[in-house]
Amino acid sequence: MDLLRFATAGSVDDGKSTLIGRLLYDSKSIFEDQLASIEATSHDRGDEHTDLALLTDGLRAEREQGITIDVAHRYFATPRRKFIIADTPGHIQYTRNMVTGASTADLAIVLVDARKGLTEQSRRHSFIASLLRIPHLVLAINKMDLVDFDQDVFEKIRREYIEFATRLDVPDLTFIPISALYGDNVVDRSANTDWYKGGTLLHHLEEVYIASDRNMVDVRFPVQYVIRPKSTEHHDFRGYAGTVAGGVMKPSDEVAVLPSGFTTRIKAIHGTNGEVAEAHSPMSVVIQLEDELDVSRGDLICRINNQPQVTQDLEAMVCWMSEASQLREGSKLAVKHTTKWARALVKDLRYRLDINTLHRDESATELTLNEIGRVRLRVTQPLFADDYQSNRTTGSFILVDETSNVTVGAGMIRATE
Amino acid sequence: MTTQLSHVSNLESEAIFIIREVAAEFERPALLFSGGKDSIVVLHLAIRAFAPARVPFPIMHIDTGHNFSEVIEFRDRMVERHGLRLVVASVQDAIDAGKAVEETGPRSSRNRLQTGVLLDAIEQHRFDALFGGARRDEEKARAKERVYSFRDEFGQWDPKGQRPELWSLYNGRYKPGEHMRVFPISNWTELDVWNYIRDAEIEVPHVYMAHEREVFMRDGMWLAVTDFLQPMENETVERRTVRFRTIGDATCTGAVESAADSLDKVIDEVAATRITERGATRADDRTSEAAMEDRKKEGYF
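Protein chains in written order, with my numbering: chain R, 1 to 417; chain L, 1 to 301.
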């Protein structure tokens, strides 16, 4: 059984929490005591139905105000797959939350209210999903019960969205008409949508093919930790621990170590429980090399003829996540890229992107909370970077405020110079 | 060629990455070890993360003094077998030193006192990162907590002011006096934990398996009769076949009736159960709907 991580995004009244509650409820992932607790709360509040949204609203303020404050993680499994849901709120700090929740997602569900059609929020959520290179996108057209399950409504939204999506980079797009409140096409096929020939949402989540989404070509192994037991038994053992970020590694492969550029061969690969014949993303392993080289945390092991850019100049799309400060030319920040920290200087804010119209504002002088822009950075030491499009690990970085230590920016590398 | 990891291997790799990241970036990490299954799994992951070297940080037990004796024996055996360093911070010592005041009455518990003892121990040992076995599926407040959970100089969690956590780029920066709680198995469920225990052949204390013991019913839960917990007048003691789904302070951890006396049977039972582990067996979480949220803000695990 494999694992699918997916993110859900929607505006405040699109029924996102209800949908998640429905998925959990209909897949029998809700426990009786949880159900009893939300039934009591619903009853006390005078709700007409048991509000399944209460299952995902975790904090006191959220329950009291009926809103979702932060990314929440939910778990459920079917006999086919295990699922991790990152439930991201739509109303406040939408960009920051969605970027946080979706950075590791294999799939994103964007909810649309059938009565309202596409909104700024649906466009914005879709854009963020494409910016983060989430390989699979589902447009769940919800509240079909409120438009009499009318096929024309569904088709109109679908056509409009396809036109909009040509401007985005979405490799796999699926449309499903649902009613989260009543369960139509969520887990069970709806009798109200004879005209819809596709599968239910859960069926899609179970079947969507994700094995080819990871980069299996370009070997990238950021060294995380050096293991030297210094014990009598393992006196000469020297292993490089880390998580494979791309490609397939095998013993006897010729490899190069950056930044030194020295070449050697892989002697052995230790998995989490003994030696393994090969390693690929996202396995955590320990690599032993044939030759004694000076390798430390922050170095990167790759193939000799397939190396990342070694660069101190980064060009990236940056999402700014801080209320307290802005990104401007001249800003100095800490940057973490793979297993390496450095300092970064903002050389240029090339443009700020209006994520509703995709218009590029080249006169912008700063990025504030939830804004996204194209930025050039100069960093204090060489990073081993790939385009985010080819590798989500070696292509991403975070920016951290050096005074408050708060994470203030998320960067996706676009081209290296 | 297999290109998809099974979900348990995927979770294992993620947890090991997190543990190594903390060992690499923090000065003085420690692993909170209660003898419960979740902290046993985290310890096992730490052993795997650094093999064949030893675990490069100590384990810390916050000892309420109200232990199941099997659990203490188990702890000491692990320490011996894996060459670990053990730090014990004792609630009894804190009470004796007048730093903590014991609750009284038949429903008293030392659960709440653990928080102060924990925070004092962190200060005393200057720990800057503490691994815990908390999982997001356990409870609503935990569902919203980051893997790297930042704590201010009072040890407090601020749910609204959490740092964004992106990709696998964990931000472990802190100022003196602040620290990080780190939860490597955040994304595991109770069933994942049990499956891993079986697959990796991890030893767990016997109280997790069905056994006969003297129990009495209180607030809909079976509580074990121990030196620290006696029934009230209207409560009757019975011998029943039970097992524990969680192991905490013996005074507030309930047992469930169960015939599951092997790992396979426990896994079948967990897969079929319709009640959460905390809902079933933890009096400390039943105090109010937001009980966990409030305790976490104060600095609880």
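Quick reminder that beta carbons are idealized off the backbone N, C-alpha and C, glycines included.
If you're wondering where the values come from, they're calculated on a predicted model, not measured in any experiment.
Return the bridge partner residues of Asp33 of chain R from the DSSP annotation.
According to DSSP, Asp33 of chain R bridges with nothing at all.
Using beta-carbon positions only, say whether Leu4 of chain R and Asp106 of chain R come within less than 8 Å of one another.
Yes, the Cβ-Cβ distance between Leu4 of chain R and Asp106 of chain R is below 8 Å.
Kindly indicate the opening and closing residues of the beta strand (DSSP E) around Arg239 of chain L.
Note, Arg239 of chain L: beta strand (DSSP E), 237-244.
The region 380-406 of chain R: which residues have C-beta closer than 8 Å to a C-beta of chain L, in chain order?
Per Cβ criterion, the list reads Arg392, Thr393, Ser396, Phe397, Ile398, Val400, Asn405, Val406.
State the Cα-Cα distance for the pair Thr287 of chain L and Arg112 of chain L, rounded to the nearest angstrom.
Because Thr287 of chain L carries a pLDDT of 47, less than 50, the predicted location of this residue cannot be relied on, and no value is offered for it.
What's the C-alpha gap between Phe154 of chain R and Ile162 of chain R?
Roughly 12 Å between the two C-alpha positions.
Checking contacts by CB at 8 Å: is Phe237 of chain R closer than that to chain L?
For Phe237 of chain R, the answer is yes, since a Cβ of chain L falls inside 8 Å of its Cβ.
With a threshold of 8 Å between beta carbons, is Phe17 of chain L in contact with chain R?
So, interface residue.
Can you give me the C-alpha to C-alpha distance between Glu12 of chain L and Ala141 of chain L, rounded to a whole angstrom?
Cα-Cα distance, rounded: 23 Å.
Suppose you measure from the CA of Ala23 of chain L to the CA of Ala334 of chain R; what does that come to, to the nearest Å?
Approximately 20 Å between the Cα atoms of the pair.
In this structure, how does DSSP classify His7 of chain L when only helix, strand and coil are distinguished?
Helix, per DSSP.
Is Ala23 of chain L close to chain R, meaning its C-beta is less than 8 Å from at least one C-beta of that chain?
At least one chain R Cβ lies under 8 Å of Ala23 of chain L.
Assuming Val112 of chain R contacts Ile38 of chain R (C-beta within less than 8 Å), just tell me the rounded distance between them.
Not confirmed; about 26 Å, so no contact.
What does DSSP give as the partner residues of His271 of chain L in its beta bridges?
Before going on, a small fix: residue 271 of chain L reads as Ala here, not His. According to DSSP, Ala271 of chain L bridges with nothing at all.
Cutting at 8 Å between CB atoms, please list the residues of its own chain near His73 of chain R, excluding the five before and the five after it.
If we look at His73 of chain R and ignore the five residues flanking it on each side, its Cβ neighbours are Ile84, Ile85, Ala86, Asp87.
Within 8 Å of any Cβ in chain L, is that where the Cβ of Asn273 of chain R sits?
Answer yes: the Cβ-Cβ gap between Asn273 of chain R and chain L drops below 8 Å somewhere.
Between which two residues does the alpha helix (DSSP H) carrying Asp199 of chain L extend?
That run of the alpha helix (DSSP H) goes 190-199.
Leaving out five residues before and five after Val226 of chain R in sequence, what residues of the same chain have Cβ atoms less than 8 Å from its Cβ?
So the qualifying residues of the chain are Arg238, Gly239, Tyr240, Ala241, Val295, Ser296, Arg297.
Step through the CB atoms of chain L and report whether any lies within less than 8 Å of the CB of Tyr225 of chain R.
At least one chain L Cβ lies under 8 Å of Tyr225 of chain R.
Report all residues from its chain with a CB closer than 6 Å to the CB of Gly132 of chain L; omit the five preceding and five following residues, and keep chain order.
Result list for Gly132 of chain L: Leu32, Arg181, Phe183, Phe301, in chain order.
According to the neighbour-count rule (16 or more other Cβ atoms, all chains shown, within 10 Å of its Cβ), is Phe230 of chain R buried or exposed?
According to the sequence shown, residue 230 of chain R is Lys rather than Phe. Label assigned to Lys230 of chain R: exposed.
Examine chain R for any beta-carbon lying closer than 8 Å to the beta-carbon of Ala151 of chain L, and answer yes or no.
The sequence as given places Arg at residue 151 of chain L; Ala does not occur at that position. For Arg151 of chain L, the answer is no, since every Cβ of chain R falls outside 8 Å of its Cβ.
Helix, strand or coil: which one does DSSP assign to Gly411 of chain R?
Strand.
Over what stretch of residues does the beta strand (DSSP E) that includes Thr311 of chain R continue unbroken?
Segment 309-320, the beta strand (DSSP E) holding Thr311 of chain R.
Can you pull the chain L neighbours of Ser284 of chain R, defined as C-beta to C-beta under 7 Å?
Chain L residues near Ser284 of chain R: Ser13, Ile16, Phe17.
Return the first residue and the last residue of the beta strand (DSSP E) that Thr263 of chain R is part of.
Here the beta strand (DSSP E) through Thr263 of chain R covers 262-271.
Just verifying my parser: in three-state terms, what is the DSSP assignment at Ala77 of chain R?
The answer is strand: DSSP assigns Ala77 of chain R an E or B state.
Taking all protein chains shown into account, decide if Lys143 of chain R is buried (16 or more other Cβ within 10 angstroms of its Cβ) or exposed.
Counting Cβ neighbours within 10 Å, Lys143 of chain R comes out buried, since at least 16 surround it.
Name the chain B residues that come within less than 7 Å of Lys336 of chain R, Cβ to Cβ?
This model lacks chain B altogether; the protein chains it does include are R and L.
Using the beta-carbon of each residue, which ones in chain L are nearer than 9 Å to Val99 of chain R?
Those within 9 Å of Val99 of chain R in chain L are Pro164, Leu166.
Give the DSSP-derived three-state secondary structure of Thr253 of chain L in the structure shown.
Reduced to three states, the DSSP call for Thr253 of chain L is strand.
At a CB-CB cut-off below 9 Å, which residues of chain L make contact with Glu104 of chain R?
In the sequence under discussion, the amino acid at residue 104 of chain R is Thr, which differs from the Glu named in the question. Within chain L, the residues near Thr104 of chain R are Leu166, Trp167, Ser168.
Lys197 of chain R: which of R:His234, R:Ser281, R:Ile178, R:Val110 sits nearest, CA to CA?
Checking every option, the nearest Cα to that of Lys197 of chain R belongs to R:Ile178.
Any idea if Ser363 of chain R is buried or exposed, counting beta-carbon neighbours within 10 angstroms, 16 or more meaning buried?
Classification for Ser363 of chain R: exposed.
Determine the chain R residues that contact Thr189 of chain L at a beta-carbon separation under 7 Å, and present them in chain order.
The contacting residues are Tyr75.
Which residue's Cα is closest to the Cα of Trp194 of chain L: L:Lys160, L:Gly161, L:Asp268, L:Asp249?
Out of L:Lys160, L:Gly161, L:Asp268, L:Asp249, L:Asp268 has the C-alpha closest to the C-alpha of Trp194 of chain L.
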